[in-house]
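Trainee: Here our numbering is used: the first residue of the sequence shown is 53, the next is one more, and so on. Just so you know, even glycine gets a beta-carbon here, dropped at the ideal spot from N, CA and C.
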Amino acid sequence: MLVCGGAGYVGAHAAYALARRGVRVSVLDNLSTGHRQALRWGRWIDADLLDPASLDAAFAEPVDAVMHFCARSLVGESVAEPYDYYLNNVAGSLNLLRAMRAHGVGRLVFSSSAAVFGRPRAPRIDEDHPTAPINPYGASKLMVERILADAARAYGLRSVSLRYFNAAGAASEAGIGESHTPETHLIPNVLRAALGQGAPLRVFGDDYDTADGTCVRDYVHVLDLADAHVRALDWMHANAGAHCFNLGNGTGFSVLEIVRAARRVTGREIAYEVAPRREGDPAVLVASSAAARERLGWTPRHGAIEDIIDSAWRWHRAPAY
Ligand code: UDP
Numbered sequence: 053m054l055v056c057g058g059a060g061y062v063g064a065h066a067a068y069a070l071a072r073r074g075v076r077v078s079v080l081d082n083l084s085t086g087h088r089q090a091l092r093w094g095r096w097i098d099a100d101l102l103d104p105a106s107l108d109a110a111f112a113e114p115v116d117a118v119m120h121f122c123a124r125s126l127v128g129e130s131v132a133e134p135y136d137y138y139l140n141n142v143a144g145s146l147n148l149l150r151a152m153r154a155h156g157v158g159r160l161v162f163s164s165s166a167a168v169f170g171r172p173r174a175p176r177i178d179e180d181h182p183t184a185p186i187n188p189y190g191a192s193k194l195m196v197e198r199i200l201a202d203a204a205r206a207y208g209l210r211s212v213s214l215r216y217f218n219a220a221g222a223a224s225e226a227g228i229g230e231s232h233t234p235e236t237h238l239i240p241n242v243l244r245a246a247l248g249q250g251a252p253l254r255v256f257g258d259d260y261d262t263a264d265g266t267c268v269r270d271y272v273h274v275l276d277l278a279d280a281h282v283r284a285l286d287w288m289h290a291n292a293g294a295h296c297f298n299l300g301n302g303t304g305f306s307v308l309e310i311v312r313a314a315r316r317v318t319g320r321e322i323a324y325e326v327a328p329r330r331e332g333d334p335a336v337l338v339a340s341s342a343a344a345r346e347r348l349g350w351t352p353r354h355g356a357i358e359d360i361i362d363s364a365w366r367w368h369r370a371p372a373y
């Protein structure tokens, strides 16, 4: 199994999930945002999707399927540097797809995002909800989904695109967790505030049309995401075509609810200040994952928000990187 981007946050947890199932893993990563310490399973291929010649090393040994996590993933940065995002996320994916085709590899799990939906028009988003990304990051993910649909028709490529809602939590027992520079995500920032690290916590906007005025998100444990990837691989044995599934727990938590849950988990006072809205944030993003549950047999095991925050807390108190 080739895991592209396996030194990053979700990719490393997927590599761990595969290794736990006894799958032989190779990780392709240029460590541009990934971590050398997260390369704990299988051999490491130091290659870059933007350098097609470097991909040959990844396919020198037989590859039965690919998981693809390589991407730039900061929404704000994508607005400021759209060429970087389209180049890395779209052109990079095309290079990978061409290498897969050249080497006769016919199954792919692609790391997509709820950002393909833009500003949702429904309280709970299923796969039939219209896609209308509002930033280059979301657009780049949707473009790849479109390429995969065309590749299914033209070349018979089997693929599953998994649209994550808010990935959170960690497998600190396996020495991996969430570590971004800069860190923009809510739960790591809340936990850093609990530890007295980093800048004071800012809550971006308290005047949204939600119960307490702060944004509502659907947080899903990274190990549950990893499990969905493994299931998707198996599922493609019997299912041709290009498919998309939304992955979330189906329950929304406001920013202030996350702060309160983190206070309960950590036992610490977590101070915050209310700051202006962050550009591009929709008020509510909650998944319907009925399709993943029914078709992939996916059941999140760590759905409780306290469990998710507790696993992130264990990591942030003693991060390995
Ligand atoms: N957020 C916040 N303060 C932070 C980081 C995030 O108030 O330091 C808010 C953000 O505006 C959004 C929610 O928390 O409403 C989740 O943001 P995150 O960046 O974790 O994920 P996103 O939903 O943007 O993918």
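Determine which residues share a DSSP beta bridge with GLU325 and list them.
Mentor: DSSP lists ARG254 as partners of GLU325.
Trainee: Residue range of the beta strand (DSSP E) that MET119 falls in?
Mentor: MET119 -> beta strand (DSSP E) spans 118 to 120.
Trainee: So, VAL79 versus LEU70, is the Cβ gap smaller than 8 Å?
Mentor: No. Outside cutoff.
Trainee: Could you have a look at SER306 and say whether DSSP puts it in helix, strand or coil?
Mentor: Looking at SER306 - three-state DSSP - the assignment turns out to be strand.
Trainee: State the DSSP-derived secondary structure class of ARG330, mapped to helix, strand or coil.
Mentor: Here ARG330 sits in coil by DSSP.
Trainee: Beta carbon of ASN218: closer than 7 Å to some heavy atom of the ligand UDP?
Mentor: Within the cutoff, so yes.
Trainee: Quick check on DSSP: helix, strand or coil for TRP96?
Mentor: Strand, per DSSP.
Trainee: Buried or exposed for ALA226, please, with buried defined as at least 16 other CB atoms from any protein chain shown within 10 angstroms of its CB.
Mentor: It counts as buried.
Trainee: Please confirm if the segment 211 to 229 is in contact with the segment 162 to 176, defined as three or more CB-CB distances below 8 Å between the two stretches.
Mentor: Contact holds: three or more Cβ-Cβ distances are below 8 Å.
Trainee: Given a threshold of 16 other Cβ atoms within 10 Å of its Cβ, counted over all protein chains shown, does PRO188 qualify as buried or as exposed?
Mentor: When all chains shown are included, PRO188 counts as buried.
Trainee: Output yes or no for whether 8 Å exceeds the beta carbon distance between HIS281 and GLY221.
Mentor: Cβ atoms of HIS281 and GLY221: not closer than 8 Å.
Trainee: To the nearest angstrom, how far is it from the Cα of PRO252 to the Cα of PRO240?
Mentor: Going from the Cα of PRO252 to the Cα of PRO240 covers about 12 Å.
Trainee: Within the same chain, show all residues whose beta-carbon is closer than 7 Å to that of HIS87, passing over the 5 residues directly before and after it, in chain order.
Mentor: Taken in chain order, the residues that qualify are ALA59, SER231 and TYR373.
Trainee: Short of 7 Å in beta carbon distance, which residues of its chain neighbour THR236, apart from the five on each side in sequence? Order them along the chain.
Mentor: So the qualifying residues of the chain are LEU126.
Trainee: Beta carbon of LEU238: closer than 7 Å to some heavy atom of the ligand UDP?
Mentor: The answer is yes for LEU238.
Trainee: In chain order, what are the residue ranges of uninterrupted beta strand (DSSP E) at least 3 long that sit wholly in the segment 243 to 287?
Mentor: Runs of the beta strand (DSSP E) inside the segment 243 to 287: 253 to 256 and 271 to 273.
Trainee: What's the C-alpha gap between GLY190 and PHE297?
Mentor: When rounded, the distance between both Cα atoms is 15 Å.
Trainee: Among GLY94, GLY158, GLY248 and ASP261, whose alpha-carbon lies nearest the alpha-carbon of VAL55?
Mentor: Nearest C-alpha to VAL55: GLY94.
Trainee: Given a threshold of 16 other Cβ atoms within 10 Å of its Cβ, counted over all protein chains shown, does THR266 qualify as buried or as exposed?
Mentor: By the 10 Å Cβ count, THR266 comes out buried.
Trainee: Take the Cβ of ALA123 as the centre, count every other Cβ of all protein chains shown within 10 Å, and call the residue buried at 16 or more, exposed below.
Mentor: So ALA123 counts as buried.
Trainee: Could you check if LEU285 is buried or exposed, using at least 16 other CB atoms within 10 Å of its CB as the buried criterion?
Mentor: The residue in question, LEU285, is buried, as its Cβ has 16 or more Cβ neighbours within 10 Å.
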